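J.: Please see the structure below; I have some questions.
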Amino acid sequence: MARKLIVDCDPGIDDAVALCMALFDPRLDVVAVTATGGNIPGAQASRNVQALIERLDPPRYPRIGIVSSPKSAPHVDARFIHGDDGLGNQSLDVSVHHHRHAADKVIIDEVRAAPHEVTLLCLGPLTNIAHAFQRDPELPNLVDRLVIMGGSVCGIGNITPTAEFNIYADPISAQQVFQSRTTKTLVPLDITTQIKLTLDFKVDLPLDTSRAGQLLHPMVNFVFRSYHQHLGQESIHLHDAVALVAVVNPELFQSSDIFGQVETRGQLTSGMTVFDRRPQSHASPNMEVMTEVDVMAVTNCIVRGLAHAGRLTG
Ligand code: RIB
Ligand code: CA
Numbered sequence: 023m024a025r026k027l028i029v030d031c032d033p034g035i036d037d038a039v040a041l042c043m044a045l046f047d048p049r050l051d052v053v054a055v056t057a058t059g060g061n062i063p064g065a066q067a068s069r070n071v072q073a074l075i076e077r078l079d080p081p082r083y084p085r086i087g088i089v090s091s092p093k094s095a096p097h098v099d100a101r102f103i104h105g106d107d108g109l110g111n112q113s114l115d116v117s118v119h120h121h122r123h124a125a126d127k128v129i130i131d132e133v134r135a136a137p138h139e140v141t142l143l144c145l146g147p148l149t150n151i152a153h154a155f156q157r158d159p160e161l162p163n164l165v166d167r168l169v170i171m172g173g174s175v176c177g178i179g180n181i182t183p184t185a186e187f188n189i190y191a192d193p194i195s196a197q198q199v200f201q202s203r204t205t206k207t208l209v210p211l212d213i214t215t216q217i218k219l220t221l222d223f224k225v226d227l228p229l230d231t232s233r234a235g236q237l238l239h240p241m242v243n244f245v246f247r248s249y250h251q252h253l254g255q256e257s258i259h260l261h262d263a264v265a266l267v268a269v270v271n272p273e274l275f276q277s278s279d280i281f282g283q284v285e286t287r288g289q290l291t292s293g294m295t296v297f298d299r300r301p302q303s304h305a306s307p308n309m310e311v312m313t314e315v316d317v318m319a320v321t322n323c324i325v326r327g328l329a330h331a332g333r334l335t336g
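So for the sequence shown, the numbering used here puts the first residue at 23; every next one is plus one.
As structure tokens, this is what we get:
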């Protein structure tokens, strides 16, 4: 039976790649896609979720949850990597949807419709998850598991010297989720940055005669340029696609159960994830953290997942 999945994301090019894979993976039943501000402000994230799903036109349309407070001004974004619209400046059209529901309500509804069956794949700041848990205190016991792309075990960040972007963008929500009773798997930068996609990856993308290819080629070209221009890198990371592989192919990863927290007040360290790895630690682990990865196998999963999406949208 296909695993029920909610994808909470801030699309973002690597979010979009993960969605391309998830929406056509026969092992997954994507029951909802919810938007959160992060890479781009909330209203744009909501628009991007809708645009991606409409363009990809998957066999089963997931419910869409939009950012509930689109006016909240994020203190950070990643438009320098993903483009002003978050998707490589493609300016995708969207149809006008009148009855759109808030992301946290969609999460609550879908988890309660299938208690203990839904995996929540968290690819952006954890704002919606924290809001859903506050709104429905029983929810942490009803989610099967959270798989979270975020944090850094070694302490090296990407948006600040010590913090990873998703956690840094909303550290209070992240700490609340880290403290929740839910089963959690963290896929940190230590793992996702080991997968380095080179220019060969562009050759392996679905043809742009497919709906998936028509979306992917401009986005991937854009993000290769951003990484070169802003990060001085000739290869790219698709952090969120790696986190999706951790959902469907966990056997490609090794993990440890660790006690993790989020610094929420540090002047220099806000958003830093702090793990207690002392041998004599008395802190009970509150999450599984991925610590090793089969780089080649995960890279192949991403290429194959996108090729499959290309075949189904050709
Ligand atoms: O730090 C990488 C994460 O932040 C990814 O999810 C990327 O899309 C951004 O949200
Ligand atoms: Ca993301």
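All residues carry an ideal CB built from backbone N, CA and C; glycine is no exception. None of the values given here were measured: they were computed from a predicted structure.
Please classify Phe46: does DSSP put it in a helix, a strand, or coil?
T.: Looking at Phe46 - three-state DSSP - the assignment turns out to be coil, as it is neither helix nor strand.
J.: Under a CB-based cut-off of 8 Å, is Asn61 close to chain C?
T.: Given the protein chain composition of this structure (a single chain), no chain C is represented.
J.: Measure the beta-carbon distance from Ala67 to Asp32 and round it to whole angstroms, keeping in mind my assumption that it falls under 8 Å.
T.: Going by Cβ atoms, the distance from Ala67 to Asp32 rounds to 5 Å, so yes, they are a contact pair.
J.: Please report the straight-line C-alpha distance between Asp47 and Asp158, rounded to a whole angstrom.
T.: So the alpha carbons of these two residues sit roughly 30 Å apart.
J.: Please classify Ser248: does DSSP put it in a helix, a strand, or coil?
T.: In the structure shown, Ser248 sits in a helix (DSSP, three-state: H, G or I).
J.: Please classify Asn180 as buried or exposed, where buried requires at least 16 neighbouring CB atoms within 10 angstroms.
T.: Under this definition Asn180 is a buried residue.
J.: Does the Cβ of Ala340 lie closer than 7 Å to at least one heavy atom of ligand 1?
T.: Given that the chain is displayed from residue 23 to residue 336, the structure contains no residue 340 and the question cannot be resolved.
J.: Leaving out the 5 sequence neighbours to the left and right, which residues in its chain are closer than 6 Å to Leu274 when beta-carbon positions are compared?
T.: Asp316, Ala319 and Val320, listed in sequence order.
J.: Starting from Ile280, trace the beta strand (DSSP E) both ways and give me its first and last residue.
T.: Counting along the chain, the beta strand (DSSP E) containing Ile280 begins and ends at Phe275 to Val284.
J.: Please classify His259: does DSSP put it in a helix, a strand, or coil?
T.: Coil at His259, not helix or strand.
J.: So, for Thr230: in the same chain, excluding its five sequence neighbours on each side, which residues have a beta-carbon less than 7 Å away from its beta-carbon?
T.: The sequence given here places Asp at residue 230; Thr does not occur at that position. These residues qualify, in order along the chain: Gln236 and His239.
J.: Pull every residue with its beta-carbon under 6 Å away from any heavy atom of ligand 1, and keep them in chain order.
T.: Spelled out in chain order, the answer is Asp32, Gly34, Asp36, Asp37, Gly60, Asn61, Ala100, Leu145, Gly146, Met171, Asn180, Glu186, Phe187, Asn188, His261 and Asp262.
J.: Mind checking His259: buried by the 16 CB within 10 Å criterion, or exposed?
T.: The residue is buried, with at least 16 neighbouring Cβ atoms inside 10 Å.
J.: How big is the Cα-Cα spacing for Ser277 and Thr56?
T.: If I take the Cα positions, the gap works out to 27 Å.
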